[in-house]
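**Student:** Protein sequences appear in the order of chains B and F. Using the numbering used here, the first residue of the first sequence is number 63, and each one after it goes up by one. Using the numbering used here, the first residue of the second sequence is number 14, and each one after it goes up by one. We treat Cβ as the ideally placed atom computed from N, Cα and C, and that holds for glycine.
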Amino acid sequence: MFIELSGSLARAQDVKVIKFNDLKAIIDSKEAGLKIINFWATWCKPCLVELPFFETISEKYRQKGVAVYLVSMDFVSEIERVRAFVKKRELKSGVFLLNEPDYDKWINKVSESWSGSIPATLMIKAGERKFFKKGFDLPELEKEVKLFE
Amino acid sequence: MNEQGLKTRNNIMKRKSLILLGALLATGLYGFTELTKSKTGETVLFNFLETDSYVVGDEAQDFSLLNIDGSKKSLASFKGAKGFIVVFTSNHCPFSKAYEERMVALDGKYASLGYPVIALNPNDPEAYEEDTHENMKKRASEKGFTYPYLVDDKGIGQIYGAKRTPQVFVLKKEVGKNIVKYIGAIDDNAQDASSVNKKYVEDAVDNLLANKPVVTQNTKAIGCAIKWRSNI
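1. Which residues bound the alpha helix (DSSP H) around F/C106?
2. With 9 Å as the threshold, decide whether the Cβ of B/A103 is near any Cβ in chain F.
3. Could you pull the DSSP bridge partners for F/T159 from this structure?
4. At a cut-off of 8 Å, is F/V99 close to the ligand ADP when judged by its beta-carbon and the heavy atoms of the ligand?
5. Does DSSP put F/Q180 in a helix, a strand or coil?
6. Specify whether the segment 179-186 of chain F and the segment 143-150 of chain F touch according to this definition: at least 3 beta carbon pairs, one from each stretch, less than 8 Å apart.
7. Compute the Euclidean distance between the alpha carbons of F/S103 and F/L78, then round it to the nearest angstrom.
8. Measure the alpha-carbon distance for F/C237 versus B/I180 and round it to whole angstroms.
9. Which value, in whole angstroms, describes the spacing of the CA atoms of B/F194 and F/A203?
10. If you run the structure through DSSP and keep just helix, strand and coil, what is F/Y195?
11. I want to know whether the segment 215-229 of chain F touches the segment 70-85 of chain F - three or more CB-CB distances under 8 Å.
12. Taking C-beta pairs closer than 8 Å, name the residues in chain F that B/P163 reaches, listed in chain order.
13. Need the endpoints of the beta strand (DSSP E) that B/K154 sits in, please.
14. Checking contacts by CB at 9 Å: is B/D166 closer than that to chain C?
15. What are the uninterrupted segments assigned as beta strand (DSSP E) that are 3 or more residues long and contained completely in the segment 116-152 of chain B, given in chain order?
16. How many angstroms separate the CA atom of B/F137 from the CA atom of B/K171?
17. Give me the chain F residues within the contact set of B/N170, using Cβ-Cβ distance strictly less than 8 Å, ordered along the chain.
18. Can you find at least 3 beta carbon pairs, one from the segment 104-112 of chain F and one from the segment 224-231 of chain F, that sit closer than 8 Å?
19. If you draw a straight line from the C-alpha of B/T118 to the C-alpha of B/C106, how long is it?
20. Which residues in the same chain have their Cβ closer than 6 Å to the Cβ of F/N80, if we skip the five residues on either side of it in sequence?
21. Are the Cβ atoms of B/G178 and F/I196 separated by less than 9 Å?
22. If contacts are defined as beta-carbon pairs under 8 Å, then B/E121 and B/F198 qualify, I think. What distance do you get, rounded to the angstrom?
23. Which term fits F/S125, buried or exposed, when burial requires 16 or more other beta carbons within 10 angstroms of its beta carbon?
24. At the level of alpha carbons, what is the spacing between F/K122 and F/I169?
25. Ignoring anything shorter than 4 residues, give me the alpha helix (DSSP H) runs that lie fully in the segment 69-124 of chain F, in order along the chain.
26. Using a C-beta to C-beta distance shorter than 7 Å, which residues of chain F count as neighbours of B/F137?
27. In terms of residues, what are the limits of the alpha helix (DSSP H) holding B/F82?
28. For the candidate residues F/V100, F/D137, F/N136 and F/P135, whose alpha-carbon lies nearest to that of F/L119?
29. Do B/V77 and B/R151 have their C-beta atoms within less than 9 Å of each other?
30. With 9 Å set as the bound, which would you pick, yes or no: does the beta-carbon of F/K85 sit closer than that to a beta-carbon of chain B?
31. Establish whether the CB of F/G170 and some CB of chain B are separated by less than 9 Å.
32. Counting only beta-carbon separations shorter than 9 Å, does B/R191 have a partner in chain F?
33. Please name the residues in the segment 158-184 of chain F whose beta-carbon is closer than 7 Å to at least one beta-carbon of chain B, in chain order.
34. Note down the Cα distance separating F/T56 from B/E174, rounded to an integer number of angstroms.
35. Report buried or exposed for B/F208, applying the criterion of at least 16 other Cβ atoms within 10 angstroms of its Cβ.
36. Given that B/K208 touches chain F, what residues does it touch there, using C-beta distances under 8 Å?
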């Protein structure tokens with residue numbers, strides 16, 4: 063118990079503020095494994111419901127090369143709120159805050175099918191892209207991850 | 014799914030392939046999810062209840078919905094209007110809150126020119142307590158809304174194909190019909206009104222007032238997903 067607690071503390075995440083170019087670099091990076099990029103916000107109730115599922119998947123499939131990126135749509139002025147949330151929930155996936163307020167400029171670059179409502183999730187592996195304009199439960203999320211294996 | 018529900022959905026999904034619907038119902042694939050392959054080869058999965066939007070040029074349906082003052086409001090009740098700035102919004106959504114002052118300003122600027130703001134809240138108050146009729150009244154009075162703020166309990170948001178709050182549909186009256194002229198965000202900076210570069214809705218209405226085509230007809234923005242009422 064103690065080891066697990068200190069382990070999670072050791073891995074406590076900072077929240078990095080990024081621009082769209084940084085996000086694009088993640089999307090375009092050539093890793094072999096599956097990248098799961100989830101768009102969320104602390105104020106988005108359905109997003110918070112599914113966050114633990116992404117954490118579970120991240121933990122369970124990390125060894126298989128699955129990388130989870132939690133990209134917050136909170137306003138950059140709310141960064142401390144996001145940091146406090148990440149700490150409280152002890153999130154271990156990479157957490158980012160995308161500070162790119164001119165949404166119309168980049169939403170289509172994530173997916174042309176995306177209206178901008180969250181939750182939304184992009185999965186990419188070796189050029190294959192799947193975009194989800196919806197929330198997940200854990201079995202459904204795991205099923206999608208396995209489809210990429 | 015009962016027959017009534019299916020009927021309503023079919024009506025809403027005007028442009029959606031019934032064959033796909035049938036196939037999905039038959040296989041039970043993904044429960045409430047549909048699946049399409051986009052032009053770019055990307056697979057897209059989305060909630061079954063997500064409907065196609067109106068597109069610019071479509072005729073928008075009128076409605077009769079409960080206002081914060083207890084009366085029923087419809088588009089037709091605005092006799093002198095040249096058009097409307099219809100905004101799907103909510104109490105609970107931080108993006109909606111961020112735009113409240115700007116919506117009041119839009120109404121102040123354009124209602125007298127024939128384009129009043131009409132706000133509709135399509136969220137299920139069972140899911141968001143902040144979005145009850147009582148709380149809508151409270152918010153409107155606290156924030157000094159000058160425009161109608163209507164309870165959308167008739168699925169108008171689904172008929173229009175609203176995807177998030179806030180989302181604007183600018184309509185123009187043309188021979189008795191309300192024609193969609195712009196769909197999207199109010200401007201290009203939700204979090205900081207002083208950093209706005211492009212005022213999409215103002216530009217669209219200015220174009221219409223000058224009898225010109227709307228230059229920017231569609232924009233996208235991050236917003237809160239709408240939790241539709243379960244009774245529609």
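**Tutor:** With the given structure in hand:
1. Locating residue 106 of chain F in the second sequence gives position 93, where the first residue counts as 1. Element bounds for F/C106: n/a, residue is neither H nor E.
2. Position 41 of the first sequence, counted from the first residue, corresponds to residue 103 of chain B. Yes, because at least one Cβ of chain F sits closer than 9 Å to the Cβ of B/A103.
3. To locate residue 159 of chain F, count along the second sequence from 1; it is residue 146. F/T159 is not bridged to any residue.
4. Only the bare structure without any ligand can be found here, which leaves the ligand ADP out of the picture.
5. Within the second sequence, residue 180 of chain F is the residue found at index 167, counting from 1. Residue state, collapsed to three classes: strand.
6. no
7. Locating residue 103 of chain F in the second sequence gives position 90, where the first residue counts as 1. Locating residue 78 of chain F in the second sequence gives position 65, where the first residue counts as 1. Distance between the alpha carbons of F/S103 and F/L78: 15 Å.
8. As a working mapping, residue 237 of chain F is identified with position 224 in the second sequence. As a working mapping, residue 180 of chain B is identified with position 118 in the first sequence. Going from the Cα of F/C237 to the Cα of B/I180 covers about 6 Å.
9. Position 132 of the first sequence holds residue 194 of chain B. Position 190 of the second sequence holds residue 203 of chain F. Answer to the nearest angstrom: the Cα atoms are 24 Å apart.
10. Taking the first residue of the second sequence as position 1, residue 195 of chain F is located at position 182. In this structure, F/Y195 counts as strand in the three-state DSSP scheme.
11. no
12. Working through the first sequence from its first residue, we reach residue 163 of chain B at position 101. Result: D201, N202, A203, Q204, D205 and S208.
13. The residue you call residue 154 of chain B lines up with position 92 of the first sequence. That residue, B/K154, is in no beta strand (DSSP E); it is neither H nor E in DSSP.
14. No chain C is present in this structure, whose protein chains are B and F.
15. 129-134
16. Stepping through the first sequence from its first residue, residue 137 of chain B is reached at position 75. Stepping through the first sequence from its first residue, residue 171 of chain B is reached at position 109. Each residue's Cα considered, the two are about 20 Å apart.
17. Here residue 170 of chain B refers to the residue found at position 108 of the first sequence. Here the neighbours are K233.
18. no
19. Taking the first residue of the first sequence as 1, we reach residue 118 of chain B at position 56. Taking the first residue of the first sequence as 1, we reach residue 106 of chain B at position 44. Approximately 19 Å between the Cα atoms of the pair.
20. For the purposes of this step, residue 80 of chain F is taken as the residue at position 67 of the second sequence. The answer, listed in chain order, is K86, P161 and L163.
21. Numbered from 1 along the first sequence, position 116 holds the residue referred to as residue 178 of chain B. Numbered from 1 along the second sequence, position 183 holds the residue referred to as residue 196 of chain F. Contact flag unset, no.
22. Within the first sequence, numbered from 1, the residue matching residue 121 of chain B stands at position 59. Within the first sequence, numbered from 1, the residue matching residue 198 of chain B stands at position 136. Between B/F198 and B/E121 the Cβ distance is about 16 Å, and since that is not below 8 Å, they are no contact.
23. In the second sequence, counting from the first residue as 1, residue 125 of chain F sits at position 112. Answer is exposed; the Cβ neighbour count stays below 16.
24. One-based indexing of the second sequence puts residue 122 of chain F at position 109. One-based indexing of the second sequence puts residue 169 of chain F at position 156. Roughly 26 Å separates the two Cα atoms.
25. 107-123
26. Taking the first sequence and counting its residues from 1, the one referred to as residue 137 of chain B is at position 75. Under the 7 Å cutoff, chain F gives Q204.
27. What you label residue 82 of chain B is simply residue 20 of the first sequence in a count that begins at 1. From DSSP, the alpha helix (DSSP H) with B/F82 extends over F82 to D90.
28. What you label residue 119 of chain F is simply residue 106 of the second sequence in a count that begins at 1. Residue F/V100 is the option with its Cα nearest to F/L119.
29. For the purposes of this step, residue 77 of chain B is taken as the residue at position 15 of the first sequence. For the purposes of this step, residue 151 of chain B is taken as the residue at position 89 of the first sequence. No, these two residues do not count as a Cβ contact at 9 Å.
30. What you label residue 85 of chain F is simply residue 72 of the second sequence in a count that begins at 1. It does not; no Cβ of chain B falls within 9 Å.
31. Along the second sequence, read from residue 1 onward, the residue named residue 170 of chain F stands at position 157. No, F/G170 lies away from the interface with chain B (no Cβ there is under 9 Å from its Cβ).
32. For this step, residue 191 of chain B is matched to residue 129 along the first sequence. Yes, its Cβ sits closer than 9 Å to a Cβ of chain F.
33. K176 and R177
34. On the second sequence, residue 56 of chain F is found 43 positions in, with the first residue counted as 1. On the first sequence, residue 174 of chain B is found 112 positions in, with the first residue counted as 1. The alpha-carbon atoms of F/T56 and B/E174 are separated by roughly 11 Å.
35. What you label residue 208 of chain B is simply residue 146 of the first sequence in a count that begins at 1. A quick correction: the sequence has Lys, not Phe, at residue 208 of chain B. With fewer than 16 other Cβ atoms within 10 Å, it is exposed.
36. Counted from its first residue, the first sequence places residue 208 of chain B at position 146. Residues of chain F passing the Cβ test: none, with the nearest at roughly 14 Å.
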